[in-house]
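So the protein lines, in turn, are chains A and B.
Taking the numbering used here, the leading residue of the first sequence gets 8, the next gets one more, and so forth.
Taking the numbering used here, the leading residue of the second sequence gets 8, the next gets one more, and so forth.
Just so you know, even glycine gets a beta-carbon here, dropped at the ideal spot from N, CA and C.
Since we're looking at a predicted model, the values are computed, not measured.
Below: the structure, in C-alpha cells.
Protein chains: 2
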Amino acid sequence: MSFNSVIFRHLTINEPRFKCIFKIQDSILFSIRSFLRSEGFIEILAPIIGPCTDPGIRGAKLVSIDYYGSKFKVMSSMILYKQMMIKCYPKIFALSPNVRIEPLEAVSTGRHLAEFRQIDLEVAYAKCEDMLNLAERLLKKVIDDVLTNCSDELKFLGRELTPLKIPFKRYTYDEAIELLSSMGYHVSYGCEIPWDAEEALSSLHKEPFWITSYPISARGFYYLEDESRPGFLRDFDLIYPDGYGEAISGGEREYRYEFVVERMRRNCEDPSNYSWYIEMLKDGVPPSAGFGIGVERLTRYICGLRYVWDAVPFPKIPGVISP
Amino acid sequence: MSFNSVIFRHLTINEPRFKCIFKIQDSILFSIRSFLRSEGFIEILAPIIGPCTDPGIRGAKLVSIDYYGSKFKVMSSMILYKQMMIKCYPKIFALSPNVRIEPLEAVSTGRHLAEFRQIDLEVAYAKCEDMLNLAERLLKKVIDDVLTNCSDELKFLGRELTPLKIPFKRYTYDEAIELLSSMGYHVSYGCEIPWDAEEALSSLHKEPFWITSYPISARGFYYLEDESRPGFLRDFDLIYPDGYGEAISGGEREYRYEFVVERMRRNCEDPSNYSWYIEMLKDGVPPSAGFGIGVERLTRYICGLRYVWDAVPFPKIPGVISP
C-alpha cells in the first residue's frame, strides 16, 4: 500500500481525477444540505474543541490541547453537543470536524482517516425508525443528484453507479453475527464487528444495509437501551455494499441523568470529566435520535475509490505525516 | 462584562433569542453557499490540523498537538491550503474551522472568539478588484435573503436591518490612518490598526467600508506586494459599520517561491517549518486572490448582537472555560 497520494498531495492535486472527485463531493454536500433543509432542519456551527468529547470511538485516541491552562480535546464527534442543540431547535445538522488518532493498523482498511468530517444530525423526539427512513431517502437523493449532475465525472472515474433501491435490508446485530459465523468469521459476542468481518459482510451485498440493536457493551454511554430488550440498544449502523464498509452510525439517545451516570460508570468513564454535559442532563434535555454520516466515506463510495484518502483534498491518515 | 451566556450555554440555549439567531445563521450559510455556487465555486472540505498553519494572526497563539509523534497545529486559517486547492479547481470555498489562542484582553472587544469559522474562498488568476466586487454582491445577497426569510426573527431581536448599498466606500490604509489621526487616534505607521481605533472608525460609518493596501510590515507573508507601490500589499479588509468592526480579510497572493522565502525571512519565519508549502511553490501554483469572512461576526452584525459569542451555539472565548 503506497501513501504517495497522501504525502505528495500538494504536488499531485492537479491530477484530473481529483477535479472529478471534488466536483462530485461538492454535489454531495449540496444535495445533503438541500434535502435536510427541505425536511425542516437548520444548519449549525459544529464545535472544534471542548473540555470533553465522544469517548466511544472504537480504539482511537483523543487529541488533547492546552486551552488557557485547561486540558481540552479536539472533537472526536459532536454527539454531546447535538443533545444540547436540540434544546434550542428540534431538527439540526452540522458539517462537523473530527480528529481521531486511530491505531497505525487502521490504514490497512483503506477507509480510516485521522481527520474527517461528518454530516451530523439530530432530531428531538425522533425514533430509530424515523432516522432509518430519513437516511434512506437522503442517500437516495444524493446519489440521484450525482447521477444527474456529475455523469461526466463518474464516467472519467470509471464508476458505474445506479440509483439506490430503498428501503435497505435490515439485520439485527445478532443476525449479522450469525451470518458472519456461517461465513467463518467468529466475532466475540457483545463487541464491535471487527474491520475485516465488516468488510466481508459488506462485500456480500450489492446495496447498502442496516445493522441494528447492538449490545450495550459495544457502544458509547449516550445510546438509549431498548426497554423491550434489556442489554441491547436502540441504535443502528449503515454499511455500504461491495466492501466499502461503514457509512452511518446513529441511534436514539439516553437523555436521563441517572441512566447516563450509571452507563458512564459501567464504561469506566468518570462523570466528573463530563461536568457540563451532566449538568445539562440534570437540567433536562428532550429525548432525541440522530446519526452521523462520514463525508469522505460517502464520497469514496459514490466515486468508487479504493482508498478514502483520495476522497478528501488534504488527507491525514494514521501515522503518516502529510500536508 | 458577564460571561454567563458563555459559561452556562448548556442551560440557556433554549432561550427564544437563540432560536432566532441560529435560524438567521442558517439562512446566512445557505445564502452564501447558493451565491457562491451560482458564481461557479465548488465547496471543499477544509483542513482541521496540519504540520503548519497561518502565522499571520495578529498576536494570537497557535494550538499545538502531538500527531503520531510529530508536532502539528490546529488550523488558525486555511490560507496555505487554498493556494494548494486552486491547482485543482479555479474557484473554491470551504466552511473552515479555526482555533486561535487570543490574548485575554481580546474578550473586551466583544468580537473575538478563540474558536470560529470562516467561509474561506479563493479564485485562480483573480485580482483584488474581482474580490471586492464579489464580496459586495455576496453580502448584499445574504442580507436581502435574511430580510426576506427571517423578518420575524429580526423583529424579535429588535434589529432594524436595511438592504446594503453597493459598492462600499474605499479607503487606503494611508487614508484610514489619516482619518484616525484627525479623530485623535495615533496608529503606529506600518502596523495593524488597533482594536479600539478600528471600532471608532467603524462607529463613524453607517455602511460597510473597505480598507485596502496595507503596508507589507502589517501582514502575513502570503499577500502579494503591489508592484506599482513597493512596500504595500494588494490586500483589503472589510469593516462593518456601527462599531461592529472587522468583517473580511483578503487579497492577492504571493505565489513565487523566491519571494515567499524572502518574505518569510523578513517576518522571522523559518521556511523549514513550511516544508510542503515551499515544495509546492517550487513546483508552481497559479496566482490567485481570495478572502475569508467570519461566520460568527457576520451573524453578529446581521442580528445586531452586542457580543459575538451570542452568534455561535457553543462559544469559546479567550481565557474562559465553557462547553
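Contact under 9 Å by Cβ, residue i with residue j
| i | j | result |
| --- | --- | --- |
| B/Ala101 | B/Ala53 | yes |
| A/His119 | A/Glu109 | yes |
| A/Ser12 | A/Pro322 | yes |
| B/Val267 | B/Ile93 | no |
| A/Arg107 | A/Ala121 | yes |
| B/Gly57 | A/Pro330 | yes |
| A/Ser103 | A/Ile72 | no |
| A/Ile246 | A/Trp283 | no |
| B/Val149 | A/Tyr74 | no |
| B/Tyr230 | B/Arg304 | no |
| A/Tyr96 | A/Ile39 | no |
| A/Leu191 | A/Ile255 | The residue asked about is misnamed: residue 191 of chain A is Gly in this sequence, not Leu. The answer is no: Cβ separation not under 9 Å. |
| B/Tyr178 | B/Leu186 | yes |
| B/Lys134 | B/Arg241 | yes |
| A/Pro248 | A/Glu269 | no |
| A/Leu161 | A/Ile31 | yes |
| A/Ser220 | A/Phe243 | yes |
| A/Ile51 | B/Pro320 | yes |
| B/Ile35 | B/Ile309 | yes |
| B/Phe42 | A/Arg44 | no |
| B/Ile154 | B/Arg24 | Just to set this straight, residue 154 of chain B is Leu in the shown sequence, not Ile. Their beta carbons are not under 9 Å apart, which means B/Leu154 does not touch B/Arg24 by this criterion. |
| A/Arg166 | A/Val302 | no |
| A/Arg16 | B/Met91 | yes |
Contacts of residue i in chain A (Cβ-Cβ under 8 Å)
| i | result |
| --- | --- |
| B/Gly57 | Phe321, Lys323, Pro330 |
| B/Gly63 | Going along chain A, no residue has its Cβ under 8 Å from B/Gly63, so there is no contact; the nearest lies around 18 Å. |
| B/Lys98 | None at all; the shortest Cβ gap to chain A is about 11 Å. |
| B/Phe228 | Within chain A, no residue comes near B/Phe228; the closest Cβ sits about 17 Å away, beyond 8 Å. |
Limits of the beta strand (DSSP E) - the one that residue i falls within
| i | result |
| --- | --- |
| A/Trp202 | First-last for A/Trp202: 202 to 210, but that is the alpha helix (DSSP H), not the beta strand (DSSP E). |
| A/Phe333 | No information on residue 333 of chain A is available, as it lies outside the stretch 8 to 330 that chain A covers here. |
| A/Thr179 | 176 to 179 |
| A/Asp242 | 242 to 247 |
| B/Phe79 | 77 to 81 |
| A/Tyr74 | 71 to 74 |
Which of helix, strand or coil DSSP assigns to residue i
| i | result |
| --- | --- |
| B/Ile99 | strand |
| A/Pro278 | helix |
| A/Lys289 | helix |
| B/Arg272 | helix |
| A/Phe298 | strand |
| A/Ala254 | strand |
| B/Arg313 | coil |
| B/Val194 | coil |
| B/Ile184 | helix |
| A/Val267 | helix |
| B/Ile223 | helix |
| A/Arg307 | helix |
| A/Lys162 | helix |
| A/Glu112 | helix |
Of the residues the options, the one placed nearest residue i, counting alpha carbons only
| i | options | result |
| --- | --- | --- |
| A/Phe228 | A/Leu211, A/Tyr281, A/Pro201, A/Lys30 | A/Tyr281 |
| A/Arg307 | A/Pro201, A/Leu168, A/Asn274 | A/Leu168 |
| B/Arg272 | B/Phe42, B/His17, B/Gly47, B/Pro62 | B/Pro62 |
| A/Tyr314 | A/Ala113, A/Glu286, A/Glu234 | A/Ala113 |
| A/Leu18 | B/Ser45, B/Gly311, B/Glu286, B/Gln32 | B/Glu286 |
| B/Lys78 | B/Met138, B/Ser84, B/Leu87, B/Cys59 | B/Cys59 |
| B/Ser83 | B/Glu136, B/Ile173, B/Arg65 | B/Arg65 |
| B/Leu111 | B/Lys68, B/Arg24, B/Glu206 | B/Lys68 |
| A/Ala318 | A/Arg16, A/Ile28, A/Glu136 | A/Ile28 |
| B/Glu206 | B/Tyr196, B/Met91, B/Ile309, B/Ala183 | B/Ala183 |
| B/Gly297 | B/Tyr262, B/Asn274, B/Tyr180 | B/Tyr262 |
Residue interval of the alpha helix (DSSP H) (run including residue i)
| i | result |
| --- | --- |
| B/Lys26 | 23 to 45 |
| A/Arg124 | Premise fails: A/Arg124 lies in the beta strand (DSSP E), 122 to 131, not in any alpha helix (DSSP H). |
| A/Asp233 | First-last for A/Asp233: undefined, no H or E at that position. |
| A/Ala142 | 135 to 156 |
| B/Tyr88 | 86 to 92 |
| B/Ser12 | 11 to 14 |
Beta-carbon neighbours of residue i, restricted to chain B and to distances below 8 Å
| i | result |
| --- | --- |
| A/Met91 | Arg16, His17, Ile20, Pro320, Phe321, Pro330 |
| A/Leu128 | Chain B residues near A/Leu128: none, gap ~13 Å exceeds 8 Å. |
| A/Ile51 | Phe29, Gln32, Asp33, Pro320 |
| A/Val302 | Leu52 |
Interface residues of chain B facing residue i [CB-CB closer than 7 Å]
| i | result |
| --- | --- |
| A/Met287 | His17, Leu18 |
| A/Gly326 | Tyr75 |
| A/Ile39 | By Cβ distance, chain B contributes nothing, its closest Cβ being about 11 Å from A/Ile39, past 7 Å. |
Residue-level contact to chain C via CB, residue i, 9 Å cutoff
| i | result |
| --- | --- |
| A/Pro104 | Of the protein chains in the structure, A and B, none is chain C. |
Chain-ordered chain A contacts of residue i [CB-CB under 7 Å]
| i | result |
| --- | --- |
| B/Tyr88 | Phe321 |
Residues that residue i contacts on chain A, provided the C-beta gap is smaller than 9 Å
| i | result |
| --- | --- |
| B/Arg44 | Asp33, Phe37 |
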